[in-house]
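Visitor: Handing you a structure now.
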Amino acid sequence: MTSDDDAAGQPRESDLDTAADFEILDGIRGLFELIDPMPADLPERVRFALAMRGLESELARLVSEDSPELAGARGTERSRTVTFDSASLSIMIRIEENKDGSVRVDGWLVPAQPREIEMQTAAETLSVSSDADGRFAFAQVPSGTARLVVVGSAGRDQGAGGPAVVTPALVL
Amino acid sequence: MDEPMAVTAPADPADRSVRSDRNARIADLLDAAKGGSEDALGQITAELSPMLWHVARAAGLGADDAEDVVQTAWERLLSHLADIRVPQALIGWLVVTTRHEAWRLRSAGRRQRPADQDWLTAIPDQSAGAEEQIVLDEQQRALWRAVGRLSAQCQELLRIVAFIPRPDYQSVSAALGMPVGSIGPTRSRCLQKIRVLLADELDGRSA
């Protein structure tokens, strides 16, 4: 998050490398380019994979959100259910408070499919995969604002796939 | 095939203008890609994939896994593109994501290889009848031996750092999965070690 600022910051003395270091690093780069070069067709493969996915990501709409209800035996844990729709997917999630103040998010995708799913929070991005039934779970998500991203997929795994789907920000 | 678009820094490390041109070009491509240009995105992948290949290989992945991880990093970039504003952040995000994916793949134990660092054993042996001989001069051979004597951590770090365009270095190194305060000293320590090892190699062979 702060990387943009750091680049412009004053280098500390310990960060300064000498011309001799640059020469060594240039030498190391040259050696690895010779000895272990990237396969020449990799950029083309990547380009193809990205073209399959398309640059467009779908923005999911919030379609329903039930009011928080008391759940659990002690009646102290709140849970709520939120549903998002996009052109290619519906995402349903159930959000429950953990005792430590974080939340647990259980979700499922319709149509059911294995996809990579990210929870992007202010602090970090958590990543899980859904199973063949489309189910996924984040056991501990810091409370606060977050959004879910169903990462786009070229459909390499059993025909499941589609563009990235991004939800609006949610308050967990 | 067209000419390989390797990440080649200019020969003169003091020449910043060439690199800032490169940064300006990547910044333009980044804007175009965010606007939906697949061609611009393709040019970015051609430019930066070699760096990511070396990041993945430095993490100990076999060649097939390294290719997969580079591809995954680019695919994941698509859903983050809107958040990335400058080339430094793009490079940092890609390097960190590639490294993260590489570690994830390794810890998942998929297609685990007995020799993780197979590139290290690929040290060219000019007496062997390799079909494609790589000819290194004495300086390069000494440097290669010196690299082989580094700790695994220093080998990985210096290989990555060698491929990151210099002006982006600090922003990227801050995110390399080591504590921000220790990356500079770690890098300096590794560089210091290899200077000593290289001098030793050069002395040893000329004596």
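Here the protein sequences come in this chain order: Z and P.
According to the numbering used here, the stretch in the first sequence is residues 1 to 172, in order.
According to the numbering used here, the stretch in the second sequence is residues 1001 to 1207, in order.
Where a beta carbon is used, it is the ideal one built from N, C-alpha and C, also for glycine.
Keep in mind it's a predicted model, so treat the numbers as computed, not measured.
Quick check: the Cα distance between residue 63 (chain Z) and residue 83 (chain Z), rounded to an integer number of angstroms?
Guide: Along the first sequence, read from residue 1 onward, the residue named residue 63 (chain Z) stands at position 63. Along the first sequence, read from residue 1 onward, the residue named residue 83 (chain Z) stands at position 83. Between residue 63 (chain Z) and residue 83 (chain Z), the C-alpha separation is close to 6 Å.
Visitor: Could you tell me whether the Cβ atoms of residue 115 (chain Z) and residue 130 (chain Z) are closer together than 8 Å?
Guide: One-based indexing of the first sequence puts residue 115 (chain Z) at position 115. One-based indexing of the first sequence puts residue 130 (chain Z) at position 130. Yes.
Visitor: Please classify residue 152 (chain Z) as buried or exposed, where buried requires at least 16 neighbouring CB atoms within 10 angstroms.
Guide: Residue numbering aside, residue 152 (chain Z) sits at position 152 when the first sequence is read from its first letter. Buried.
Visitor: Where do the N-terminal and C-terminal ends of the beta strand (DSSP E) with residue 120 (chain Z) fall, by residue?
Guide: Here residue 120 (chain Z) refers to the residue found at position 120 when the first sequence is read from its first residue. Counting along the chain, the beta strand (DSSP E) containing residue 120 (chain Z) begins and ends at 116-121.
Visitor: Can you pull the chain P residues whose beta carbon is under 8 Å from the beta carbon of residue 166 (chain Z), in chain order?
Guide: Translated into the one-based positions of the first sequence, residue 166 (chain Z) becomes position 166. Residues of chain P passing the Cβ test: 1079.
Visitor: With H, G and I counted as helix, E and B as strand and the rest as coil, what does DSSP make of residue 92 (chain Z)?
Guide: Within the first sequence, residue 92 (chain Z) is the residue found at index 92, counting from 1. It is a strand residue.
Visitor: Check whether the Cβ atoms of residue 25 (chain Z) and residue 1161 (chain P) lie closer than 8 Å to each other.
Guide: Taking the first sequence and counting its residues from 1, the one referred to as residue 25 (chain Z) is at position 25. Taking the second sequence and counting its residues from 1, the one referred to as residue 1161 (chain P) is at position 161. Contact flag set, yes.
Visitor: Would you kindly report the start and end of the unbroken beta strand (DSSP E) that includes residue 126 (chain Z)?
Guide: Position 126 of the first sequence holds residue 126 (chain Z). Taken as a continuous stretch (DSSP letters only), the beta strand (DSSP E) holding residue 126 (chain Z) covers 125-129.
Visitor: For residue 61 (chain Z), which residues in chain P fall below 8 Å Cβ to Cβ?
Guide: Numbered from 1 along the first sequence, position 61 holds the residue referred to as residue 61 (chain Z). Chain P residues near residue 61 (chain Z): none, gap ~17 Å exceeds 8 Å.
Visitor: For residue 1198 (chain P), which three-state DSSP category applies?
Guide: Along the second sequence, read from residue 1 onward, the residue named residue 1198 (chain P) stands at position 198. Helix, per DSSP.
Visitor: Exposed or buried, what is residue 1071 (chain P) when buried is set at 16 or more other beta-carbons lying within 10 Å of its beta-carbon?
Guide: Translated into the one-based positions of the second sequence, residue 1071 (chain P) becomes position 71. Residue 1071 (chain P) is buried by the Cβ-count criterion.
Visitor: Where does residue 1085 (chain P) sit, in a helix, a strand or coil, going by DSSP?
Guide: Within the second sequence, residue 1085 (chain P) is the residue found at index 85, counting from 1. DSSP places residue 1085 (chain P) in coil when its eight states are reduced to three.
Visitor: Quick one: Cα of residue 118 (chain Z) to Cα of residue 1198 (chain P), how far?
Guide: Counting from 1 along the first sequence, the entry for residue 118 (chain Z) is found at position 118. Counting from 1 along the second sequence, the entry for residue 1198 (chain P) is found at position 198. So the alpha carbons of these two residues sit roughly 44 Å apart.
Visitor: If you measure beta-carbon to beta-carbon, which residues of the segment 18-36 of chain Z are closer than 9 Å to chain P?
Guide: Answer set for the segment 18-36 of chain Z: 18, 19, 20, 21, 22, 23, 24, 25, 26, 27, 28, 29, 30, 31, 32, 33, 34, 35, 36.
Visitor: Going by DSSP in three states, residue 42 (chain Z) sits in which element: helix, strand or coil?
Guide: Reading the first sequence from its first residue, position 42 is the one you call residue 42 (chain Z). Helix at residue 42 (chain Z).
Visitor: Out of curiosity, what's the CA-to-CA distance linking residue 1144 (chain P) and residue 28 (chain Z)?
Guide: Taking the first residue of the second sequence as position 1, residue 1144 (chain P) is located at position 144. Taking the first residue of the first sequence as position 1, residue 28 (chain Z) is located at position 28. Their Cα atoms are separated by approximately 8 Å.
Visitor: Compute the Euclidean distance between the alpha carbons of residue 1179 (chain P) and residue 1102 (chain P), then round it to the nearest angstrom.
Guide: Numbered from its first residue, the second sequence carries residue 1179 (chain P) at position 179. Numbered from its first residue, the second sequence carries residue 1102 (chain P) at position 102. Confidence at residue 1179 (chain P) is low in this model, with a pLDDT of 45, below 50, so its placement is unreliable and no value can be given for it.
Visitor: Near residue 42 (chain Z), what residues of its chain come up, given a Cβ to Cβ distance below 6 Å and the 5 sequence neighbours on each side ignored?
Guide: Your numbering for residue 42 (chain Z) matches position 42 in the first sequence. Excluding positions up to five away in sequence, the list is empty.
Visitor: Is DSSP giving residue 1135 (chain P) helix, strand or coil here?
Guide: Your numbering for residue 1135 (chain P) matches position 135 in the second sequence. Reduced to three states, the DSSP call for residue 1135 (chain P) is coil.
Visitor: Kindly list, in the order they appear in chain Z, the residues whose Cβ is closer than 8 Å to that of residue 1148 (chain P).
Guide: By one-based count along the second sequence, residue 1148 (chain P) stands at place 148. The premise fails here: residue 1148 (chain P) is roughly 11 Å from chain Z at the closest Cβ pair, so nothing lies under 8 Å.
Visitor: Pick out whichever of P:1098, P:1154, P:1139, P:1047 has its Cα sitting closest to the Cα of residue 1204 (chain P).
Guide: Reading the second sequence from its first residue, position 204 is the one you call residue 1204 (chain P). The residue with the shortest Cα to Cα distance from residue 1204 (chain P) is P:1139.
Visitor: Using DSSP with H/G/I as helix, E/B as strand and the rest coil, what is residue 139 (chain Z)?
Guide: Taking the first residue of the first sequence as 1, we reach residue 139 (chain Z) at position 139. Three-state DSSP puts residue 139 (chain Z) in a strand.
Visitor: Step through the CB atoms of chain Z and report whether any lies within less than 8 Å of the CB of residue 1189 (chain P).
Guide: Sequence index remark: in the second sequence, residue 1189 (chain P) carries index 189 (1-based). It does not: the Cβ of residue 1189 (chain P) has no partner Cβ on chain Z nearer than 8 Å.
Visitor: Examine chain P for any beta-carbon lying closer than 8 Å to the beta-carbon of residue 42 (chain Z), and answer yes or no.
Guide: Counting from 1 along the first sequence, the entry for residue 42 (chain Z) is found at position 42. True, the Cβ-Cβ gap to chain P drops below 8 Å.
Visitor: Looking at the C-beta of residue 148 (chain Z), does it have a partner C-beta in chain P at a distance below 8 Å?
Guide: Position 148 of the first sequence, counted from the start, is the residue given in the question as residue 148 (chain Z). Residue 148 (chain Z) does not count as touching chain P.
Visitor: Determine, for residue 1165 (chain P), whether the minimum Cβ-Cβ distance to residues of chain Z falls below 8 Å.
Guide: Numbered from its first residue, the second sequence carries residue 1165 (chain P) at position 165. No, no contact with chain Z.
Visitor: From which residue to which residue does the beta strand (DSSP E) around residue 107 (chain Z) run?
Guide: As a working mapping, residue 107 (chain Z) is identified with position 107 in the first sequence. 103-110 is the span of the beta strand (DSSP E), which, as asked, contains residue 107 (chain Z).
Visitor: Check whether the segment 127-144 of chain Z touches the segment 100-110 of chain Z, taking contact to mean three or more Cβ pairs, one atom from each stretch, closer than 8 Å.
Guide: Short answer: they touch.
Visitor: Going by CA-CA distance only, name the one from P:1165, P:1194, P:1188, P:1192 that's closest to residue 1088 (chain P).
Guide: Position 88 of the second sequence holds residue 1088 (chain P). Checked all of P:1165, P:1194, P:1188, P:1192; the closest Cα to residue 1088 (chain P) is P:1165.
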